[in-house]
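**Student:**
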Amino acid sequence: MQEKAAEAADFMRLFSTPSRLMLLCHIAQKERSVGEIQEALDFKQPALSQQLGELRQAGVVQTRRESRQIYYSIADDRVAAVMEMLMRVFCNVGDNQTSPRIEARNSPAGQRPAAPEGFVGEMARWARLEKAD
């Protein structure tokens with residue numbers, strides 16, 4: 001895990017601001033047009049463009065053009081897995097029977113991203129390294 005810590009920290013920065021987290025949450029529920037996102041989240045256009053550009057640059061969202069509309073969806077299975085967990089924990093969305101299945105747009109239906117072997121145990125060990133105050 002130590003050699004992946006920097007990569008994991010960079011990845012988690014994608015979720016580090018409330019506005020970006022809300023944006024990812026909104027897109028994770030279903031593919032959305034820029035207009036739908038702007039209306040639902042009440043973001044100013046320059047701020048929305050900047051956030052979407054950063055997420056696109058990081059490869060976690062992808063675009064699809066239909067006529068004059070641009071649609072955004074989740075492109076990274078890891079982001080889909082994190083958003084599913086965050087919605088379950090913080091938004092009280094569903095239990096095991098009704099939990100929404102968030103998938104990257106290119107993922108085969110019903111296939112969940114697999115954690116690397118030993119990942120959960122390694123994360124648990126890593127999380128215990130810092131002592132609680």
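Residues in the sequence shown are numbered consecutively from 1, following the UniProt record's numbering.
Glycine is no exception: its CB is placed at the ideal position from the N, C-alpha and C atoms.
#1: Round the Cβ separation of L52 and Y72 to the nearest angstrom and send it over; I've been treating them as touching at under 8 Å.
#2: Just how far apart, CA to CA, sit L55 and T63?
#3: Exposed or buried, E65, counting other C-beta atoms within 10 Å across all chains shown (16 or more means buried)?
#4: Expressed to the nearest angstrom, what Euclidean distance is found between the alpha-carbon atoms of P18 and Q2?
#5: Let's test the definition: count the other Cβ atoms within 10 Å of the Cβ of D42 and tell me whether it reaches 16, buried, or not, exposed.
**Tutor:** Reading from the atomic positions:
#1: Confirmed, Cβ separation roughly 6 Å.
#2: Distance between the alpha carbons of L55 and T63 is about 11 Å.
#3: Here residue 65 is Arg; the residue named in the question, Glu, does not match the sequence. Exposed, because fewer than 16 other Cβ atoms sit within 10 Å of the Cβ of R65.
#4: Distance between the alpha carbons of P18 and Q2 is about 28 Å.
#5: Around the C-beta of D42, fewer than 16 other C-beta atoms lie within 10 Å, and the residue is accordingly described as exposed.
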